[in-house]
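A quick write-up on the structure given underneath.
Protein chains: 2
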Amino acid sequence: MTGTALKSWTPSPAKRAIVDFVTTTTQPGPGFVAVADRIATFDNDGTLWVEQPLPPQFDFVFRHWAQEIKQDPSLAGEQPYKAVIERDPTLFESLATQDPEVVGMLLKAFARSWAGTTPEQFDAQVREWLQTVKHPKLGALYVELVYKPMLELFDVLKAHEFRVFVVSGGGRDFMRVFAEETWGITKENVIGTAAEYSYRDGKIVRAEHALGGLDIGPGKPEHIFAQTGRLPVFAAGNADVDIEMLSAATFALLINHDDEEREFAYTSSAERSLAKAKELGWTIVSMKNDWSTVFG
Amino acid sequence: MTGTALKSWTPSPAKRAIVDFVTTTTQPGPGFVAVADRIATFDNDGTLWVEQPLPPQFDFVFRHWAQEIKQDPSLAGEQPYKAVIERDPTLFESLATQDPEVVGMLLKAFARSWAGTTPEQFDAQVREWLQTVKHPKLGALYVELVYKPMLELFDVLKAHEFRVFVVSGGGRDFMRVFAEETWGITKENVIGTAAEYSYRDGKIVRAEHALGGLDIGPGKPEHIFAQTGRLPVFAAGNADVDIEMLSAATFALLINHDDEEREFAYTSSAERSLAKAKELGWTIVSMKNDWSTVFG
């Protein structure tokens, strides 16, 4: 590994564990991993970019739903529109508990809102949001709020013939809009909750269903296996919904949000994963102590 | 392009069209295609390996169903088992017509037969079949019946920064067992009809449903878009069920099975695609005239 790799990381136990992992898996010896098996998976919200006060995609979706309510005020009485109007986060927070009723209702609402949209139309909506909406506390565009140390980690893994995938509960097609430019990850390496698309009259058009389930909890290893035919060797996450993906990997990295000054300090929705990390010996990253730089 | 590329291709118009396509899309000029967009997709049965007298996976599946009937003779009266017992190809041939009733029934039967299987168990079954069963006419293992000229085409495309995907109506997990060793294509670049898997007790286990529809006809561009976020620039196929994938690409290559001596001569289930090729100017490959070598 060259001296300039991981330069936004302080010389901490976390950095040492990463370097050891990469060395052990790619050099001859008992921990060697065949090139074909070198799959690395990263959660997105809170692992690659800021997820407080709300995962960025929620902001994008809520703006769209607010427009829908303007056009059809009768929607205001039904969920999830009601929660948007009342600025009530409870409904969306309960997504993290994987309550099947909430999950089903929200998946349906997402799918319905964009049914009939072409990828070009959807991309244009996401691009406009990316270029205009700023984070309420940090005052920057969301694509500027990607964690630089994690992009450096992508580079190290790729340099050692790992194929890097992003695996998020968020929308696959939402992330794919900025995946290549912002993360340097090709669209086919972005796995997420997905709408079904149909091919009609020579065009791809969004259908009114989800394809497979929500990509959180056990859904993460399921989506990873479906897309890649393997489970990951390396996985990084930051929340309880990442536990199954992290458990499925040989090496697990858990980002701990403990940096009130440069980002946010919270353990909400990560309590179980922090306990699991201690129990199973996962590598915990302290954003405050282990990263000399947070944003690029 | 080096002189040794495509060496199993005779100096035909088809070879010239391929070389022109690769040159035009990768050198500065009006036809240039950005590296990110360079997706190439290949059908499998009849495009990469022999599909007569039956697509090889049918042989694998029929042997499994014959075992199931032995264990439970009452199955013999119901489809698709009845057709297997009676050696009646009509049912399976009608798959190609994309009859929704037949498709639904067969997808259900496939899913049911392997529900509860782990990837390791399924891989072992496929490997045993690959290593023991020989083609009835050509007397070779199926993995020896891959078309060498197409593997050379993979190499040329990859050398020009195309990402090559295999896209088949056949089973995704079936093809992934030999994809890397036989085609040099990583598992994540294999797209096919897929079973849903669930993650339980730290293990991936096959569920009793299909994930998405059958990967033929319009299902091909749908599966390609789902997996890659793009439609292909280059596509190769050999049958009517490839028409939508070929139409979606900028450059389409259609394999014509006209080589009775070295392989098979037939146009059955390819009549519409041959007509489309002439109508739309797709490049037709004559196996007999354009390939100096068929098998490696």
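As given, the protein sequences belong to chains B and S, one line each in that order. This note's numbering puts the first residue of the first sequence at 1, with every later residue one more than the last. This note's numbering puts the first residue of the second sequence at 297, with every later residue one more than the last. Glycine residues also receive a C-beta, built at the ideal position from the N, C-alpha and C atoms.
Next on the checklist: Taking a contact to mean a Cβ-Cβ separation below 9 Å, would you say Ala40 of chain B touches Arg163 of chain B in this structure?
Outcome noted: yes
Next on the checklist: Using 8 Å for Cβ pairs, my map puts Asn585 of chain S next to Ser308 of chain S. What's the rounded Cβ distance?
Outcome noted: 6 Å
Checklist entry - Phe225 of chain B and Ala235 of chain B: beta carbons closer than 9 Å? => result no
Checklist entry - When burial is assigned at 16 or more other CB atoms within 10 Å of the CB, is Ala277 of chain B buried or exposed? => result buried
Checklist entry - Taking any Cβ of chain S, which residues in the region 261–282 of chain B have a Cβ under 8 Å from it, in chain order? => result none
Item to check | C-beta neighbour in chain C for Phe406 of chain S, strict 9 Å | outcome: The chain inventory of the structure shown lacks chain C, comprising the protein chains B and S.
Item to check | Against chain B: residues of the region 526–558 of chain S by CB proximity under 8 Å | outcome: Arg526, Leu527, Glu540, Ser543, Ala544
Checklist entry - If you follow the beta strand (DSSP E) that Glu504 of chain S is part of, which residue opens it and which one closes it? => result 499–506
Item to check | Proximity test, Cβ basis, 9 Å: Glu180 of chain B and chain S | outcome: yes
Next on the checklist: How far does the beta strand (DSSP E) with Gly467 of chain S in it extend, from its first residue to its last?
Outcome noted: 459–467
Next on the checklist: Going residue by residue through the region 70–116 of chain B, where are the continuous beta strand (DSSP E) segments of at least 3 residues, counting only ones entirely within it?
Outcome noted: none
Checklist entry - Considering only residues of the region 111–148 of chain B, which uninterrupted alpha helix (DSSP H) runs meet the minimum length of 4 residues and lie entirely inside it, listed in chain order? => result 119–132
Checklist entry - Of all Cβ atoms in chain S, is any one closer than 9 Å to the Cβ of Thr97 of chain B? => result no
Next on the checklist: DSSP has Phe547 of chain S in a bridge; who is on the other side?
Outcome noted: S:Phe530
Checklist entry - How should Leu453 of chain S be labelled, buried or exposed, when 16 other C-beta atoms within 10 angstroms of its C-beta is the threshold for buried? => result buried
Checklist entry - Quick one: what does DSSP say Phe60 of chain B is sitting in, helix, strand or coil? => result helix
Next on the checklist: Thr193 of chain B and Arg176 of chain B - do their beta-carbons sit closer together than 9 Å?
Outcome noted: no
Checklist entry - Shortest alpha-carbon distance to Leu106 of chain B belongs to which of B:Thr283, B:His135, B:Gly169, B:Leu151? => result B:Gly169
Checklist entry - Pick from B:Ser247, B:Met287, B:Ile69, B:Glu261: whose alpha carbon is nearest that of Ala275 of chain B? => result B:Ser247
Checklist entry - Taking DSSP as the reference, what is the three-state secondary structure of Asn340 of chain S? => result coil
Checklist entry - Do we get a CB-CB distance below 9 Å when we pair Ile216 of chain B with the residues of chain S? => result no
Checklist entry - By Cβ distance, which residues of its chain are closer than 8 Å to Leu527 of chain S, with the 5 residues on each side in sequence left out? => result Ile335, Pro517, Ile520, Phe521, Ala544, Ala545
Checklist entry - Quick one: does Glu492 of chain S have its CB under 9 Å from some CB of chain B? => result yes
Checklist entry - In three-state terms, what does DSSP make of Arg200 of chain B? => result strand
Checklist entry - Between the beta-carbon of Asn552 of chain S and the beta-carbon of Val463 of chain S, is there less than 9 Å? => result no
Next on the checklist: Within 10 Å of its beta-carbon, does Val329 of chain S have 16 or more other beta-carbons around it, so buried, or fewer, so exposed?
Outcome noted: buried
Item to check | Length of the line joining the Cα atoms of Phe264 of chain B and Val126 of chain B | outcome: 25 Å
Next on the checklist: Going by DSSP in three states, Thr489 of chain S sits in which element: helix, strand or coil?
Outcome noted: strand
Next on the checklist: Less than 9 Å between CB atoms is the rule here; does Gln121 of chain B satisfy it with respect to chain S?
Outcome noted: no
Next on the checklist: Check this for me: beta carbons of Thr579 of chain S and Ala310 of chain S, under 9 Å apart or not?
Outcome noted: yes
Checklist entry - In chain order, which alpha helix (DSSP H) runs of at least 4 residues are fully inside the region 540–585 of chain S? => result 567–576
Checklist entry - CB Arg558 of chain S to CB Val590 of chain S, shorter than 9 Å? => result yes
Next on the checklist: So, under 8 Å CB-CB, Leu254 of chain B and Ser273 of chain B are touching, yes? Tell me the CB distance rounded to an integer number of Å.
Outcome noted: 6 Å
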